[in-house]
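Down below is the structure, laid out as structure tokens.
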Amino acid sequence: MFQVIKSADDSRARLGLLKIGHGVVETPAYVVVGTHAAVRTLAPADLVATKIQVVIANTYHLWRTLGDELDRFEGLHKKMDWPGPIMTDSGGFQVFSLGFAREHGVGKIANIFPAEGDRVMRMSPAANLVRITDEGVYFRDGGEELFLDAEKSIRIQERLGADIVLAFDECTSPTVSYEYQKEALDRTHRWAQRSLEAHLKNKESSSKQGLFGIVQGGQYEDLRQESAKFLAEMDDLAGFGIGGSFSKNDLGQAIKVVTEILPENKPRHLLGIGEPEDIFLGVEAGMDTFDCVAPTRIARNGTLYTKAGKINILNNKFKTDFTKVETDCTCYTCSNYTAAYLAHLFRSHEMLGATLASVHNLHFLVSLVDNIRQSILDDNFEGYKKEFLGLYLTK
RNA sequence: GCGUGGGUGGCAGAGCGGUCAAUUGCACUAGACUGUAAAUCUAGCGCCUUCGGGCUACGGAGGUUCGAAUCCUCCCCCACGCA
1 MFQVIKSADD SRARLGLLKI GHGVVETPAY VVVGTHAAVR TLAPADLVAT
51 KIQVVIANTY HLWRTLGDEL DRFEGLHKKM DWPGPIMTDS GGFQVFSLGF
101 AREHGVGKIA NIFPAEGDRV MRMSPAANLV RITDEGVYFR DGGEELFLDA
151 EKSIRIQERL GADIVLAFDE CTSPTVSYEY QKEALDRTHR WAQRSLEAHL
201 KNKESSSKQG LFGIVQGGQY EDLRQESAKF LAEMDDLAGF GIGGSFSKND
251 LGQAIKVVTE ILPENKPRHL LGIGEPEDIF LGVEAGMDTF DCVAPTRIAR
301 NGTLYTKAGK INILNNKFKT DFTKVETDCT CYTCSNYTAA YLAHLFRSHE
351 MLGATLASVH NLHFLVSLVD NIRQSILDDN FEGYKKEFLG LYLTK
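Numbering of the first sequence is given in UniProt numbering, commencing with residue 1 and proceeding in unit increments.
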């Protein structure tokens, strides 16, 4: 299922082929987030044009939205008219995002321990909608409570029919105590076993789908290692996801300690991480695939990637910038439109602005991982990394 | 000409004696966004400032009052109705 084509000498970076039901994924690869079985603002044809290889949809949100319709669901590929590989997230992240993250107004990468004088931007705190038990998780949804556990998550994911499915886990915050991280980790491990059992029970779908276990452990290296060891021994897992909410400084180390333990012959997916600098970090530490809402979310909010760093197309100067966002970019947006036109679309609140920006940002990241693969092939990963980040992080 | 209702910051529109440099929305200026309850959110938005505050402001000019965007007088505009 997964084959490492080449490993770098000076880092853990590796080139691979992930063969799954709906195609072969060349890794390192970027996975676009299509939570509700749709990539926001993009028509399927737009998505194909970005050359993105994989889409990840979300179990919790689809289950919540589709409800009983899932019983006669014909599968995400058909539903989305997306011919390529699909992953589904288990709903484990919603344990965090609808719970702790909502309550404390923090996100996946949170500046939770700000330095003196730091101005910390946070979302307004809101009610915690989550109640975690050893059995599973209760999500408060309007007046009722939705209960999701490992078995149910796997069953829903079978219906959704993605090529890669994820074990149900508890994503934790880096602010909680060691004791709680440990408790949550043990729970996540038990849920991983339950997920695997549920997965293997259905011969038909488990022959088509691969189940990834999810490494947790928060900011504690020993727990991360324990988690990697635990999951590494589960032979029937098709691969691994690395989860959790990080602070930016811990990210690299948290991945490194884990990839040292995980088996080389299985793919590793870094969950929810995907700014350009993080991809280098992840690849260097031995990760194969990445998904992130960033390219599409920041696009909708007017931010576009360029080789010289991110730009905000709503900035005054772009009103009269009749050049392309990136002169040498071959994406549909840059091939046809000026920065000024994009600025105009955003200022006019035209949806096309969000679409064109999303197309560009996805193309940017797809090109980035393409170049990373080439650099590994050329034994020049470190060189390419320095070259790219040298320009990208100047701003 | 008569009657009525109005003239408030770039626009719309609150306020109708003190807590008003003036609610709110839009626009504008920045910033944030990392397994998406985000096409969202945060901050700023008269001038000056040693960030305590100071100054000029609610059509114009006077006046009443300790105090006026708010009350009175005159003037100038606008809308609608009647001639």
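All C-beta atoms in this analysis are idealised placements derived from N, C-alpha and C, irrespective of residue type, glycine included. Keep in mind that this is a model prediction, so the values were computed, not measured.
Where does V258 land, buried or exposed, given buried means 16+ other C-beta within 10 angstroms?
buried
Count Cβ pairs between the region 55-69 and the region 308-316 that sit closer than 8 Å; are there 3 or more?
no
Local Cβ density within 10 Å of D9, reported as buried at 16 or more and exposed below that:
exposed
Less than 8 Å separating the beta-carbons of G282 and L270?
Less than 8 Å separates the beta-carbon of G282 from that of L270.
Do L342 and L365 have their CB atoms nearer than 8 Å?
When the beta-carbon positions are compared, L342 and L365 stay at least 8 Å from each other.
Span of the beta strand (DSSP E), counted from its first residue to its last, around D141:
That run of the beta strand (DSSP E) goes 137-141.
Tell me whether R194 is buried or exposed, calling it buried when 16 or more other Cβ atoms sit within 10 Å of its Cβ.
By the 10 Å Cβ count, R194 comes out buried.
Rounded straight-line distance, which links the Cα of I109 to that of F290:
15 Å
Can you give the Cα-Cα distance for A150 and D186, rounded to whole angstroms?
If I take the Cα positions, the gap works out to 14 Å.
Coil, strand or helix - residue 407 by DSSP:
The requested residue 407 is not part of the displayed model; the chain covers only 1 to 395.
Considering only C-alpha positions, which residue in the set I156, L231, Q216, Y180 is nearest to N202?
I156
The region 173-183 contacting the region 78-90, beta-carbon criterion three pairs below 8 Å
no
For E144, the three-state DSSP class (helix, strand or coil):
strand
Between A115 and E103, what straight-line distance do the alpha-carbon atoms span, to the nearest angstrom?
Confidence in A115 is poor, its pLDDT being 47 and thus under 50, which makes the residue's placement unreliable; the coordinate value appears in the next sentence. Answer to the nearest angstrom: the Cα atoms are 22 Å apart.
For Y30, which three-state DSSP category applies?
Y30: strand per DSSP, three-state reduction.
Given V293 as reference, the closest of V33, A37, N249, H189 once Cα atoms are compared
Residue V33 is the option with its Cα nearest to V293.
Sub-8 Å separation of Q216 and A184 beta-carbons
Yes, the pair counts as a contact, with Cβ atoms nearer than the cut-off.
Buried or exposed for L47, please, with buried defined as at least 16 other CB atoms from any protein chain shown within 10 angstroms of its CB.
buried
Range covered by the alpha helix (DSSP H) that runs through H22
Premise fails: H22 is in no alpha helix (DSSP H) and is neither H nor E.
Hey, how far is the Cα of F93 from the Cα of Q253?
Rounded to the nearest angstrom, the two C-alpha atoms are 21 Å apart.
Over what stretch of residues does the alpha helix (DSSP H) that includes I154 continue unbroken?
150-160
So T306 is in the beta strand (DSSP E); what residue range does that whole segment cover?
303-306
Close-in-space but distant-in-sequence residues of the same chain around H199 (CB under 6 Å, 5 per side omitted):
Same-chain partners within the cutoff: I154, S206, L211.
Just mark Q3 as buried or exposed, buried being the case when its beta carbon has 16 or more other beta carbons within 10 Å.
exposed
Can you look up A13 in the DSSP assignment and give me helix, strand or coil?
coil
Taking only runs of the alpha helix (DSSP H) that begin and end inside the region 363-392, which ones reach a length of at least 4 residues, in chain order?
381-392
Going by beta-carbon coordinates alone, are D288 and T35 separated by less than 8 Å?
no
Keeping to the same chain, check which residues put their C-beta closer than 8 Å to that of H22; ignore five residues upstream and five downstream.
Answer for H22: H77, P83, G84, P85, I86, D163, listed in chain order.
Taking all protein chains shown into account, decide if S173 is buried (16 or more other Cβ within 10 angstroms of its Cβ) or exposed.
buried
Which residue or residues does DSSP assign as beta-bridge partners of N58?
D89
DSSP has L268 in a bridge; who is on the other side?
Sequence check: residue 268 is Arg here, not Leu. DSSP output for R268 lists F240 as bridge partner(s).
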